[in-house]
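Read top to bottom, the protein sequences are chains A and B.
Quick note: the first sequence uses the working numbering, first residue 1, plus one each step.
Quick note: the second sequence uses the working numbering, first residue 253, plus one each step.
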Amino acid sequence: MFEVRNIAFTYRSEPVLRDVSFVVSPGEAVCVVGANGAGKTTLLKVLATLAVPDSGIVIVDGQNALARPIKYRRQLGYLPERIALYEDMTVKEYLHYRALLKGEMSKRIRRRIDEACEICRIGSLLRSPIGTLSAGQAKRVAFADAILLRPRVLLLDDLLAGLDSEMRADMGEIVSEAAAFSAVVVTGHELDDLAKWANRFLVLKDGVISASIDAVGAAAESVRTKLDAALKGVPEKGAPEKNEADGKGAAK
Amino acid sequence: MSPMRVTVSRTLGRMRSLYSSALAIAAFLSASAVAFSFGLEAAEGGSLSVAAVWAAAVSPFLPALAAFLAMDVWSDEKQSGRIELLLSAPVLERDLTLGKYLGVFVAIAASTLLSFAVTVAALRFAAPSALAGVGPLGFCPAFIALMLQGALWSAVSVAMSAMFRHAATAACASLLLLVGIPRGGWAALLAWAPQGRPQFGEMPLDAQVVDMASGLFSSGTIVSYLVLSAFFLFVASKFVAMLRFGGRGGRSWRMSTGVALVLAFLLSGLCVELSHRTDVKLDVPVGNTGKPFSARTRSILVEAQGDMTATCFLSRRDARFREVSRFLRALQAESASLGGLKIDISYIDPRWDIGRAEELIRLGASEDSIVFVKGRRRAFLPLSDGFGERVCASAILRLTMPPQRRNVYWSIGHGEISATDYGSWGMSDIARDLSREGYRNATIDLSGDASIPSDCALIVVAGAKDDFSRAETGRIDSYLKAGGRLLVLTSAAESGGVSSLLPSWGLRASAFQATGTRTVTGSDVIVGDFSEHAISKPLDGSRILLERPVAFMPSAAAEAGSGADRVEFSPLARAGTSVVAAAVERGVGTGADLSIRPTRIVAIGDASFAMNGQLMARASANRDFFLNCVAYLSGTDASVASGADSGALVTGFDRAGRLKFLLYTAGAVPLAVALVMLLVALRRRRRT
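Below, the structure written as structure tokens:
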């Protein structure tokens, strides 16, 4: 269980996140949506320990993860918004380097790379130099890096940005497969594509989670309508009181 | 594999794929080879080992290499955005920083090793004499010294890369910190206090390298380099960690990091200060010298029997105390091992031992001096006038010789080089050496009616431009006939000075034949071919330098005469087929009356032979040769200087050889290295 509790973050006196709380169960893919500047990327950076929150805690398996960051990062897979890989390496070299950096034992690395490549469907790219990859392929490689050690928590920032429709659909399948072993938190603006595979949407507005929309079993159109309404600020039925969204919907 | 090792490997891999790394390393090799070549020229004939010359040549370029290799290790990660992936990995910032630092350090160590290999290989072919007795282990101290500096420069450069977002800014900041501030500050200090130049000595960064390369290790220096390296690594690690602390929540982290940095700074400063206060010097014999004292000093110690007291009149807190104390103890041990002079050492601290200090001051000692006492005779050596083996040996010699003054008269009035001129064109340095040896320097103008005083041990005619008048040469001739002694330094082949007088005494100056001679600048001549004469024999193995020399040959007078009138011409030093220094002696032939003092003349074919500028600029045995001449002429053979150590640096280079050496080490090899590295980088880039 991945739980975010009362996270607040202020940047240069401007509150970016205010008392953000939510829970993501293993196997669940939660999508954080919101307008530009709503704080989605900041939230993921805080969760990836790239920024220190003003207050709040992150709980993984009942323990405060931020108190033991190295242990937490071992359970974490992170795909940043801006994909920057080492262009002087091949895909295989890059994944090998990342696995070693994350502390994986040498004898297991080959298996880990094969598994990640299978999920991300980049087996044919292993010998390709990273500099020659398209944006979509690079994103898949970065995704493979994020899931390399089968993390308990997977944070995917702006996952579908810059991908064509086919690639977006593929990415949905990849995330669904990765969600088998991870609690997935993903951000993005491509609501139609996200609605196809996300279990739940959290609407982030002015630094607070203004709505939680359960997408399991709901028709994509209805989810889209609710999301549009939430993003425009029209109160939704069943929206959580205060600024809280739990994983009960997903559990159901 | 630990994350640190992974980062080291990644850092090196990235350097291999960059053209700039290849060019930086090639430029480093080339620049240090040029500096080494010029350093060899300057050190020719001196006591500096070839390893020390190499270290001194490489050292100034290490900061630039470190700055270029390290400039993008962090800034590139930040600019490209890869920093997020690095910081989200389960690795401590400390390990990442250490990994990148070690990557840079390994690259610097490899470049230095390459420079060493190229230098040794080139010397082995081009100038094997320079490496005589110096095995690869002889270079170890030099390599350690460079690696200590390399460790610090790498740490500073990595810290700058962590601080700045742009690689160019980081490189500029590193260069400013490593080159601009220390060297600029030093230049400003010398400009501000030019009179302090002799006291300041060499720039500390350069001096430390030469000291260590020569085997003199200081615990304070080593600890300082290590502590400062650790401090800058700490700074780098904290700056990387601070990338996480952008928000308000990181405020307390930022503050605690700031406090940690200040504390680390203070702690480092404290460690450096303490290490210097409790400095321990370790003298490791390096190369072929092996012995701390020259043959001259040892011969003086052997010949000077009896007891002597050496008093170190210096505060124990003075920076020079350890060095002086160590020297005196070494001198004492050397003398004891040779069975010569028995030296007792005493220490008087002017601050604590007030009674004895007052007594010494009353006797004329200054508060920072060494006082040698033998019987009722004393010699005061103020440290501000320079301290070293030569000065102490001269003082001991002076105290052990019979107390008679030997007057050296320097001829004036014909455009001669002045013994009181402290500029580059004067001869004040050598005159001061003569004073230390117990001679009294005086001038004599023969143009008037003045006769040559009876207490004249010898006359020096140094580089007279104008001819001596007939009356003057007549006076000198009479003086010589009465067993006088004359030392002539001349660059004039046909006329000028006393050249008209010399043929009648068996010497004739002629044009110098440059066939088969070795030269560095084209106008100078390196001479190492010495004859078996009392003046030149002890110099065997060292080199003297002459600028535009003239040659000497025996005149008809040298062939004529017999018995006491026989003039013996002795070549002292040969350059190719030309004799550039010669001695003549009359009155020692078969049947000569032993009570008659023989006449002696020594001629050196270079007026600037012992000028201050010549003695300062180039390491050579010129000074010893001159002192030997004076000792021979004054008849104090016991004080004949024994020249440079047998460990003197001798390359045996001529101009063409030096040019070839330079082309090979500074041109061909760096070019080949650059090509290989560029090909590797190109291959990696093509693949990607």
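Backbone N, C-alpha and C fix where the C-beta goes; we use that ideal spot for every residue, glycine too.
Just so it is clear, the structure is predicted and the values come from calculations on it, not from any experiment.
Straight-line Cα distance separating residue j from residue i
i                            : j                            : result
leucine 270 of chain B       : threonine 421 of chain B     : 18 Å
aspartate 897 of chain B     : arginine 642 of chain B      : The predicted position of aspartate 897 of chain B is uncertain, since its pLDDT is 43 and thus under 50; a value taken from the coordinates is nonetheless stated next. Looking at the two C-alpha atoms, the distance is approximately 12 Å.
arginine 346 of chain B      : glutamate 293 of chain B     : 45 Å
proline 850 of chain B       : isoleucine 787 of chain B    : 16 Å
arginine 5 of chain A        : glycine 217 of chain A       : 27 Å
serine 406 of chain B        : alanine 146 of chain A       : 32 Å
aspartate 719 of chain B     : glycine 749 of chain B       : 4 Å
arginine 550 of chain B      : leucine 590 of chain B       : 8 Å
alanine 890 of chain B       : phenylalanine 357 of chain B : Caution applies to alanine 890 of chain B, whose pLDDT of 46 falls short of 50 and renders its modelled position unreliable; the model cannot decide the point.
serine 894 of chain B        : alanine 702 of chain B       : For serine 894 of chain B, the predicted model reports a pLDDT of 46, less than 50, meaning its position is unreliable and no value from the coordinates is stated.
alanine 322 of chain B       : leucine 275 of chain B       : 14 Å
leucine 867 of chain B       : tyrosine 884 of chain B      : 21 Å
valine 91 of chain A         : phenylalanine 9 of chain A   : 36 Å
leucine 753 of chain B       : threonine 725 of chain B     : 6 Å
arginine 688 of chain B      : glutamate 611 of chain B     : 24 Å
isoleucine 552 of chain B    : glutamate 668 of chain B     : 33 Å
lysine 352 of chain B        : valine 921 of chain B        : 28 Å
glycine 123 of chain A       : proline 151 of chain A       : 20 Å
alanine 304 of chain B       : serine 134 of chain A        : 55 Å
asparagine 199 of chain A    : glutamate 28 of chain A      : 6 Å
threonine 259 of chain B     : alanine 873 of chain B       : 53 Å
alanine 835 of chain B       : arginine 795 of chain B      : 18 Å
leucine 155 of chain A       : leucine 76 of chain A        : 8 Å
leucine 79 of chain A        : serine 340 of chain B        : 10 Å
phenylalanine 565 of chain B : serine 680 of chain B        : 27 Å
tyrosine 674 of chain B      : lysine 626 of chain B        : 32 Å
serine 13 of chain A         : glycine 498 of chain B       : 11 Å
arginine 630 of chain B      : alanine 439 of chain B       : 39 Å
leucine 428 of chain B       : serine 466 of chain B        : 29 Å
alanine 239 of chain A       : aspartate 328 of chain B     : At alanine 239 of chain A the pLDDT is 44, less than 50, meaning the model places this residue with poor confidence and gives no usable figure here.
glutamine 584 of chain B     : isoleucine 778 of chain B    : 36 Å
Where the alpha helix (DSSP H) containing residue i begins and where it ends
i                            : result
glycine 265 of chain B       : 255-268
leucine 518 of chain B       : 503-529
tyrosine 353 of chain B      : 345-378
valine 492 of chain B        : 471-493
aspartate 681 of chain B     : 680-688
lysine 196 of chain A        : It is not in any alpha helix (DSSP H) - lysine 196 of chain A carries neither H nor E in the DSSP assignment.
valine 46 of chain A         : 40-47
proline 312 of chain B       : Note, proline 312 of chain B: premise wrong, no alpha helix (DSSP H); not H, not E.
phenylalanine 143 of chain A : 135-146
arginine 73 of chain A       : 69-74
phenylalanine 288 of chain B : 271-295
threonine 652 of chain B     : 641-652
First through last residue of the beta strand (DSSP E) which encompasses residue i
i                         : result
aspartate 697 of chain B  : 691-697
arginine 18 of chain A    : 14-24
methionine 253 of chain A : Nothing about residue 253 of chain A can be reported from this structure: the residues present for chain A run from 1 to 252 only.
lysine 205 of chain A     : 200-205
tryptophan 662 of chain B : 658-664
proline 806 of chain B    : 803-806
alanine 229 of chain A    : From DSSP, alanine 229 of chain A is part of no beta strand (DSSP E) but of the alpha helix (DSSP H) over 220-232.
isoleucine 213 of chain A : 208-214
threonine 851 of chain B  : 851-856
lysine 594 of chain B     : 594-600
Whole-angstrom C-beta distance between residue j and residue i, which should lie under 8 Å
i                     : j                        : result
valine 343 of chain B : threonine 263 of chain B : Not confirmed; about 14 Å, so no contact.
lysine 710 of chain B : serine 886 of chain B    : In the sequence on display, residue 710 of chain B carries leucine and not lysine. At roughly 6 Å, the Cβ-Cβ gap stays under 8 Å, so leucine 710 of chain B and serine 886 of chain B are in contact.
leucine 66 of chain A : threonine 41 of chain A  : Contact doesn't hold; Cβ gap of about 18 Å is too wide.
inquiry  = Give the list of continuous alpha helix (DSSP H) stretches no shorter than 4 residues that lie fully inside the segment 392-462 of chain B.
reply    = Unbroken alpha helix (DSSP H) stretches of 4 residues or longer found wholly inside the segment 392-462 of chain B: 392-415, 419-427, 433-444, 449-452, given in chain order.
query = If you scan the segment 913-939 of chain B from start to end, which runs of the alpha helix (DSSP H) of 4 or more residues do you find wholly inside it?
reply = 921-939
task = Let me know the beta strand (DSSP E) ranges lying completely inside the segment 703-728 of chain B, each 3 residues or longer, listed in chain order.
result = 708-714
query = For the segment 102-124 of chain A, which residues have a beta carbon sitting closer than 7 Å to at least one beta carbon of chain B?
reply = Here the close residues are Lys102, Gly103, Ser106.
inquiry  = Beta carbons nearer than 7 Å to chain A: which residues of the segment 478-512 of chain B have them?
reply    = Arg496, Phe497, Gly498, Gly499, Arg500, Gly501, Gly502, Trp505
task = Determine which residues of the segment 60-80 of chain A have a Cβ less than 7 Å from any Cβ of chain B, and write them out in chain order.
result = Ile70, Arg73, Arg74, Leu76, Tyr78, Pro80
request  = Residues of the segment 327-338 of chain B with a CB closer than 7 Å to any CB of chain A: list them in chain order, please.
outcome  = For chain A, the residues of the segment 327-338 of chain B that bring a beta carbon within less than 7 Å of one of its beta carbons are Ser332, Gly333, Arg334, Glu336, Leu337, in chain order.
query = Which residues, in order along the segment 38-51 of chain A, keep a beta-carbon less than 9 Å from a beta-carbon of chain B?
reply = Thr42, Lys45, Val46, Ala48, Thr49, Leu50, Ala51
key: Contact set between the segment 340-365 of chain B and chain A, restricted to residues whose Cβ is under 8 Å from the partner   = Ser340, Ala341, Pro342, Val343, Leu344
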